[in-house]
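Engineer: Top line first, the protein sequences correspond to chains A and B. Take the first sequence: its position 57, counted from the start at 1, is 57 in UniProt numbering, and no numbers get skipped. Take the second sequence: its position 83, counted from the start at 1, is 83 in UniProt numbering, and no numbers get skipped. No residue lacks a Cβ here, since even glycine has one placed at the ideal position from N, Cα and C. Below is the structure I would like to discuss, written out as structure tokens.
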Amino acid sequence: MAQLPPLENAPINLIGLRKEAQLDLVEALDSMRGRKLLVLDPKLSGPLTLIVQISLLKEHGVENLSHLSGDPIQSDCTNVIYIVRPHLTLMKLIAAQIQHDKRNQQERQYSLYFMPRRSTACEKVLEAEGVHGGITFGEYRMFPIPFDDDVLSLEHELVLKELQVDGDPTSLWDLALTINNLQSRFGLIPNVKGKGDAAKKVFSIMKKMQEEQALTTPEGQPEIDTLILLDRQVDLVTPMCSQLTYEGLVDEFLNINNGCVELDPAILGGDKKVKVPLNSSDKLYRDLRDLNFGVVGGILREKAASMKQDYTDVKTTNQEFSDLKKFVKKMHALPEMTRHIDISQYLTTFTRKRSFMSRLIMEQTLVEGQEYDICYEYIEEMINKQEPLISVLRLLVILSVTNNGLQKKHFDYFRFVELLQSYGWENLFFINDLERAGLLRKQESKSNWLTLKRGLRLVVSDTDDSNPKDISYAFSGYAPLSIRLVQHALHASGWRGIEDMMKLLPGATFEERQVKNRVKFKREKEKKSSVDGRRALVLVVFIGGVTFAEISALRFLSAQESMKHDVIVLTTKLCNGTSFLQSLQTNPLGG
Amino acid sequence: MAVSVAAEWSAIANRYYRKQEIYRMAWHNVELSGHKVACARFGGMIAIIRDDTKIVRLRSEPARPKLLIFRSSGLLVASITWDRPGGRLIAMGWSDEEILHCVMQDGSVFRYDVHGKLLPDKVWFGQECWDQGIMECIIWGNGIVCLTEANAVFCIPDLGSPQFVKLAQLTLEDPPHCMAIIEPQHTVSGSVEVLLAVESTVMVVDGGSIQDQGTTIGPLGKMVASPNGSYVACFTHDGRLLVVTSDFSKTISEFDTQSALPPEQLIWCGMDSVLLYSDDSVLMVGPYGDWTKYTYDEPVVLIPECDGVRILSNTFMEFLQRVPDTTVSIFSIGSTSPGAMLYDAYDHFAKRNAKADESIRMVGSSIPDAVEACIDAAGQEFRMELQDTLMRAAVYGRTFCRRFSKTRIRETCKTLRILNGVRDPNVGIPLTLQQLKVLTLPVLIERLVNEHKHLLAIRMSEYMGLSPETVVVHWAGAMITAATSVPDPELCNLLLEKLKMYSVSYAAIAAHAYRNGRRTLAALLLEHEPRSSEQVPLLTSMGEEEKALGKAIKSGDTDLVYFTLFHLWQKKSPSEFTRAVQDKPLARNLFIAYARQNEPDVLKKFFASIGQLHRVGELLLWEAWAQSKNPVTRQGSPLQGPRIRLIEEAQRLFSHSKEHDFEAKACDEQARLLKIQQELEAKTGKAIFVDTSVSDTIRTCIVLKNHREAQRIRVEFKVVPDKRFYWLKVLALAYIKDWDALEKFSKERRPPVGFKPFVEACLQEGQTSEALKYIQKLSDPEEKAEAYAQAGMAKEAAEVAAQAKDSEILGRLKLTFGQSTTAAALFDSIRDRLSLQGG
């Protein structure tokens, strides 16, 4: 069981937030007396490990923990608590389990907690299956899960699919509620900016909620100064690009799940897989995570060398105890150091490959938007070699988005001839869904990518990776569009300064102020001028997911001298290009 | 203040009791004798009806009895002709909610509100009771217990949800002498206990058991439990009044009344004295056997309250209570308590008498106690002029205090205003301060609104800082009920004019309007409800589903949309449903998402009805795909038949519109592919073909060395491009390590993909020697150098790179060979050479 992230250095009280989430969970567990079986939505168990430790569950009578599946309940516990997201497919599984118990005359009490709230549609399914009456229902409120001092996530991976493919905006409602809950904790956020239709919708739901039920906010200065809502639809290119920061690469090749990476014995040695938590409690990782991977090796080497020097010093010269103590303290960091050396060495085996290099060149060519033919050729060869479908699609999506769609002949050719014939006809659904989500389209009008590229300086060449000047370091030359927008939003002139560019990007743009009431607003304004030295806190919300490299770029931004802002990220899901596309892949048997 | 206040008190042992007239009854010609009278607690309503069991001389009244409801001050609220069936009226009593419960002989219970309106829900004690007939009945604040002619005991334990239960059955030959109850809040079990005096003992009956208390104090003619349930006052057959603990284990006090006839009424006054009423006199017996007697020249009814007893007669309402301690300390004759001194001082002060100064000096440092005493005593008073004097005395005293909480005085003044307000005969609720504390202000306000004293209620709410919402909502409801003839828009405006001033739940008011058949009004009111979660369910239940759907969609709350969708779906015909949903994207999408999982057939019909045949096609394909994933339908080729049919049907649907050419073509191809795969599986006897892609199928054929089939498939799906076929075949051949075939294939003709795939395939399988054959044929020096490097041949790689004069490759190659220093040196030397040449 991994340790919970410490969160001590968070700019707002995230420990309190987590504590409340714990208490709510405990309350749900205590709603049933005695020992019980906890059945979790498989998608929830990971995130929940970031909120509570198993020992706490045990203290509250959880004897067994299992994942909801098609199999019947294997336990003699007579109390069963389900905690699930309100997804229709899960209801059938629950119904099947209860029906199985009924057939076997196994008497049990069932409690069903929906996270974040009860759903009429789900209960309808249970009703149709004839098990609704035997269940006690409850709600486990949604809390944003703190992954680190500056990262919160709802870990809702189906936002994109539900929203863009099914046209079901439930997740936006949930997100609006989450943000309003944050506001009732940390104060009404005075500045709100947003880009994209989903962003607009979230903000309008937030306002409607406040209209219906007055938001009670704490007295005094709000802790968060600015809220930036970004719809992922505004920037679909960035998540498709290979992340080149240390953390990003670890995620691309080893997959970071719920703040942990699972390492093979081949990487670390030993004889079984090890789960390693990756967050700022690991000081070395905190220093390395946001750097371009190109410089990580050098830094590790330097650190190792200095340690070696210390070691020889200790051996050869007579030293004071205090020096020895310093040395021993340094030695404590040794396991972390070896671990990161092992990981980065492992990553090098991928990054040194010619195929990786040529892929990066291809991505670069695509975002430059100058030459498409060699890209088509390259992608075709990938398909011919039967490289993984998702990996092919990541490039195709960049091609489609930057080019405002594929030309008709290419569109049909890739769609049909190449993808279906090579990867199977069932991908017809996948491709259709990609099309609905705006990721893969037929070209209908000219692309304005080149204007955007120029206007927003999306390609910044000759970066010095070890001493970057621009966020483009995170993708070795490509400045992530999403983060560029944040950068402009925090600029004195705001988005008005780049109005022309904003118009070219999809969806609505808005910049508004929220005020409690006029009198107070005045007073706040006066106050503000007196505490000018304070760094303002910005909450950046990504609707549809965000990648690690983007977060790194944001951290880089806030570390710049000219910046007077601290940044905290709230996303619906931490993702990378692969998991982003996978979330659209469906399975006919549920999901 | 001519007469001393204390002159009206009567002393029992060391305690004083006082009896004050509260009201002179406003009614006329009401005769309590020969009538059943029920008075609600806490100064509530009085219900009177002629007692059928008694002979009464009718004056000018009609023969049919009338049920009359009065305020405590005797103002008539309602008068209704009694025409209820069910035999004799056994008992009548008010619940805590001020609902009058009338228990009939046959076990039915009729309920009336304070306005004499019969409540519709049916309450009864069941068939068994109906058969046996009720003999006796006790009604308390939240329940009813009854004893049948067959000595069975039934109970309705909660009037909020009136379900009857039968208590433990006892077998008795004769009916019990008398019955009493201990209310559930005072029993250990938490359910009501019924005490029955049987022979010389007492039986305690509750839900599950009968317990004989084994006492011999009986036979008892009358029993009653004390207000806190811990004692029982009993009147024995030989005329003694006993107070015993409620488990009958100990006798606390005994008093001989010297009359064997049980009293008409036996009642506790507060916690420490008992009242017996018989023959126009009320005998009060204190805890130590001391007593006093009040005689009346007309019949009275005793009404127990938590801090005393109200006495109702034909002409007045009195309150009998133990005199509160502070009042005693101020007013008892010759008292020198600080309170009394202060009161005296103020008396002088008010008369502009200089003795005031002397008196206040005598109070000395106890001034705060004195002020406190006066405030407290003021709160206990019914007479306003006395309240006034006491409060003035308190304020006078406070000027001599260094610190005395101002709020204490203010709060008491406020409370007194409330008390005086409700004591007004027009309101007629004679509460004491103590009673108000027990009853609580919100309950009092609720009572006021039930009695339609809305203006007073809202003034009180605002005065005491309570939310006016309950009052306003009730007022609006009452308005709607009353104003049956006012047209909807007019009434709506009338209501809004007032409602605007408060933030209230419009939905609750609209719901009331709807229940009263004012649909249009309800709809008008709902427009003003800001909370969609309140608005939508009501609109749905009003049958305004489509409007509800619109509001739900606007709210952005998908759960509300689902809620209305399910209602629509249940109530409307499929075509109506389709029409309602069709042009609302959100509703349509949500319905589709739900139906896709749970009602695929309904969804197919839905799509067909809105002319989206391709969506039906998608669903069919989806089914076919699901079959392929399902282990049962997957196994065995013959079962592929239904899948193919599904796919072909889907193709037919797709081909209806040109836009879906792509899908149609894909279906056609898939159907053909499945057939071929089925054949292949039959031929090879290997179940490895079905559900793989065209490319996979070709590769599998090559791996199985069935080149003819591979070629056939390629021709069948002629779209397979040359390049891809080459890659497939090369990789497949390398996979089965058929190097000869690979070489032969490379020589068939110049490969359209070049020799790169050959090199990569060999290297992938670790065949460097085979790879070399093809590396040499590579034309691009960069590719060549790279290939050499991959094959681990650093020197060759370096040389090729050098020929190409490409130092970028060299740099990368050096990294690849980084571990080996000799190789690194080699690259460096070559690069040096290059740069020299370049320079």
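1. Starting from the beta carbon of L166 (chain A), find every residue of chain B whose beta carbon is closer than 7 angstroms, and list them in chain order.
2. Considering only residues of the same chain and omitting the five flanking positions on each side of I227 (chain A), which have a CB-CB separation below 6 angstroms?
3. What three-state label does DSSP hand Y396 (chain B) in the structure shown?
4. Which of helix, strand or coil does DSSP assign to A38 (chain B)?
5. Got a sec: which bits of the segment 367 to 390 of chain A sit with their beta carbon under 9 angstroms from any beta carbon on chain B, in order along the chain?
6. Within 10 Å of its beta-carbon, does D297 (chain B) have 16 or more other beta-carbons around it, so buried, or fewer, so exposed?
7. Tell me which residue opens and which closes the alpha helix (DSSP H) that W94 (chain B) is part of.
8. Would I367 (chain B) be called buried (16 or more neighbouring beta carbons within 10 Å of its own) or exposed?
9. Just to confirm, are K195 (chain A) and A508 (chain A) a CB contact at a threshold of 9 angstroms?
10. Got a sec, what are the start and stop residues for the alpha helix (DSSP H) F110 (chain B) sits in?
11. So which residues of chain B does V125 (chain A) contact, with C-beta pairs closer than 9 angstroms?
12. Does the segment 347 to 355 of chain B come close enough to the segment 64 to 79 of chain B that 3 or more CB-CB pairs lie under 8 angstroms?
13. Using DSSP bridges, identify the partner residues of V301 (chain B).
14. Taking 9 angstroms as the threshold (beta carbon to beta carbon), is A437 (chain A) in contact with chain B?
15. Quick one: which chain A residues come within Cβ less than 9 angstroms of D307 (chain B)?
16. If you run the structure through DSSP and keep just helix, strand and coil, what is K527 (chain A)?
17. Pair every Cβ in the segment 472 to 486 of chain A with every Cβ in the segment 544 to 558 of chain A, then say whether three or more of these pairs are closer than 8 angstroms.
18. Going by the CB atoms, is the gap between L172 (chain B) and G235 (chain B) shorter than 9 angstroms?
19. Going along the segment 127 to 143 of chain A in order, which residues come within less than 9 angstroms of chain E, judged by CB to CB distance?
20. Going by DSSP, what residue range makes up the beta strand (DSSP E) through Q53 (chain A)?
21. Could you name the residues of the segment 560 to 572 of chain B whose beta carbon sits closer than 7 angstroms to any beta carbon of chain A, in the order they occur along the chain?
22. Under 9 angstroms between C-beta atoms, does R531 (chain B) make it to chain A?
23. D388 (chain B) by DSSP, collapsed to three states: which one?
24. Take Y346 (chain A) and list the residues in its own chain whose beta-carbon comes closer than 6 angstroms to its own, dropping the five residues that flank it on each side.
25. Let's test the definition: count the other Cβ atoms within 10 Å of the Cβ of C401 (chain B) and tell me whether it reaches 16, buried, or not, exposed.
26. Would you mind giving the Cβ-Cβ distance between I49 (chain B) and L75 (chain B), rounded to the nearest angstrom? I have them listed as a contact below 8 angstroms.
27. Can you list, in chain order, the residues of its chain with a C-beta nearer than 8 angstroms to that of N257 (chain A)? Leave out the 5 residues immediately preceding and following it.
28. Nearest-angstrom Cα distance between A21 (chain A) and V449 (chain B)?
29. Give the DSSP-derived three-state secondary structure of P116 (chain A) in the structure shown.
30. On the DSSP letters alone, give me the boundaries of the beta strand (DSSP E) that R64 (chain B) sits inside.
31. Hey, quick one: how far does the alpha helix (DSSP H) through R615 (chain B) stretch, first residue to last?
32. Can you list, in chain order, the residues of its chain whose CB lies under 7 angstroms from that of G497 (chain A), leaving out five sequence neighbours each side?
33. Is the Cβ-Cβ distance between G43 (chain B) and E305 (chain B) less than 9 angstroms?
34. With a threshold of 9 angstroms between beta carbons, is D342 (chain A) in contact with chain B?
35. If you draw a straight line from the C-alpha of I205 (chain A) to the C-alpha of W173 (chain A), how long is it?
36. In its own chain, which residues sit with a C-beta less than 8 angstroms from the C-beta of S4 (chain B), not counting the 5 before and 5 after it?
Structural biologist: With the structure as the only source:
1. Residue 166 (chain A) sits at position 166 when you count from the first residue of the first sequence. In the sequence on display, residue 166 (chain A) carries Asp and not Leu. Residues of chain B passing the Cβ test: N589, A593.
2. For the purposes of this step, residue 227 (chain A) is taken as the residue at position 227 of the first sequence. The question names Ile, yet the displayed sequence has Leu at residue 227 (chain A). Taken in chain order, the residues that qualify are I189, V192, L539.
3. Translated into the one-based positions of the second sequence, residue 396 (chain B) becomes position 396. In this structure, Y396 (chain B) counts as helix in the three-state DSSP scheme.
4. The count along the second sequence starts at 1 and reaches residue 38 (chain B) at position 38. A38 (chain B): strand per DSSP, three-state reduction.
5. Close to chain B, meaning a Cβ-Cβ distance shorter than 9 angstroms, are the following residues of the segment 367 to 390 of chain A: E380, E381, I383, N384, K385, Q386.
6. Along the second sequence, one-based indexing puts residue 297 (chain B) at 297. Exposed.
7. Along the second sequence, one-based indexing puts residue 94 (chain B) at 94. No alpha helix (DSSP H) contains W94 (chain B), which is instead part of the beta strand (DSSP E) from 89 to 94.
8. Position 367 of the second sequence holds residue 367 (chain B). Burial call: buried.
9. For the purposes of this step, residue 195 (chain A) is taken as the residue at position 195 of the first sequence. For the purposes of this step, residue 508 (chain A) is taken as the residue at position 508 of the first sequence. Contact: yes.
10. Residue mapping note: residue 110 (chain B) aligns to position 110 of the second sequence, counting from 1. Unbroken run through F110 (chain B) is the beta strand (DSSP E), 108 to 112; no alpha helix (DSSP H).
11. Indexing the first sequence from 1 puts residue 125 (chain A) at position 125. Those are Y594, Q597, N598, listed as they occur along chain B.
12. Taking 8 angstroms as the limit for Cβ pairs, the verdict is that the segment 347 to 355 of chain B does not touch the segment 64 to 79 of chain B.
13. In the second sequence, the residue the question calls residue 301 (chain B) occupies position 301. BP columns for V301 (chain B) point to B:L312.
14. Sequence index remark: in the first sequence, residue 437 (chain A) carries index 437 (1-based). False, the Cβ-Cβ gap to chain B never drops below 9 angstroms.
15. The sequence position of residue 307 (chain B) within the second sequence is 307, counting from 1. Under the 9 angstroms cutoff, chain A gives no residues; its nearest Cβ is about 40 angstroms from D307 (chain B).
16. For the purposes of this step, residue 527 (chain A) is identified with residue 527 of the first sequence, where counting begins at 1. Since pLDDT at K527 (chain A) reaches only 45, below the 50 mark, its modelled position is unreliable, and no value is offered.
17. yes
18. Sequence index remark: in the second sequence, residue 235 (chain B) carries index 235 (1-based). Sequence index remark: in the second sequence, residue 172 (chain B) carries index 172 (1-based). It should be noted that the sequence gives Phe, not Gly, for residue 235 (chain B). Going by C-beta atoms, F235 (chain B) is not nearer than 9 angstroms to L172 (chain B).
19. Looking at the structure shown, chain E is missing, and the protein chains on hand are A and B.
20. In the first sequence, counting from the first residue as 1, residue 53 (chain A) sits at position 53. Following the DSSP letters along the chain, one finds Q53 (chain A) in no beta strand (DSSP E), marked with neither H nor E.
21. Y562, F563, F566
22. By one-based count along the second sequence, residue 531 (chain B) stands at place 531. At least one chain A Cβ lies under 9 angstroms of R531 (chain B).
23. One-based indexing of the second sequence puts residue 388 (chain B) at position 388. D388 (chain B) falls in the helix class under three-state DSSP.
24. Reading the first sequence from its first residue, position 346 is the one you call residue 346 (chain A). Contacts found: I267.
25. The count along the second sequence starts at 1 and reaches residue 401 (chain B) at position 401. Classification for C401 (chain B): exposed.
26. Start at 1 with the first residue of the second sequence, and residue 49 (chain B) comes out as number 49. Start at 1 with the first residue of the second sequence, and residue 75 (chain B) comes out as number 75. About 18 angstroms; that fails the 8 angstroms criterion.
27. If you number the first sequence from 1, residue 257 (chain A) lands on position 257. These residues qualify, in order along the chain: G46.
28. Sequence index remark: in the first sequence, residue 21 (chain A) carries index 21 (1-based). Sequence index remark: in the second sequence, residue 449 (chain B) carries index 449 (1-based). In a straight line, the C-alpha of A21 (chain A) is about 42 angstroms away from that of V449 (chain B).
29. Reading the first sequence from its first residue, position 116 is the one you call residue 116 (chain A). DSSP places P116 (chain A) outside both helix and strand once states are collapsed to three, so it counts as coil.
30. Numbered from 1 along the second sequence, position 64 holds the residue referred to as residue 64 (chain B). Looking at the DSSP string, R64 (chain B) is not in any beta strand (DSSP E), and its letter there is neither H nor E.
31. Sequence index remark: in the second sequence, residue 615 (chain B) carries index 615 (1-based). R615 (chain B) -> alpha helix (DSSP H) spans 613 to 629.
32. The residue given as residue 497 (chain A) occupies position 497 in the first sequence. Within the same chain, G497 (chain A) has close Cβ partners H488, H491.
33. For the purposes of this step, residue 43 (chain B) is taken as residue 43 along the second sequence, with counting starting at 1. For the purposes of this step, residue 305 (chain B) is taken as residue 305 along the second sequence, with counting starting at 1. The answer is yes: Cβ separation under 9 angstroms.
34. By one-based count along the first sequence, residue 342 (chain A) stands at place 342. Output row for D342 (chain A): interface = no.
35. The sequence position of residue 205 (chain A) within the first sequence is 205, counting from 1. The sequence position of residue 173 (chain A) within the first sequence is 173, counting from 1. Going by the C-alpha atoms only, they are around 7 angstroms apart.
36. As a position in the second sequence, residue 4 (chain B) is number 4, starting the count at 1. Counting only residues of its own chain and dropping the five nearest sequence neighbours on each side, S4 (chain B) has a CB closer than 8 angstroms to the CB of F331, I333.
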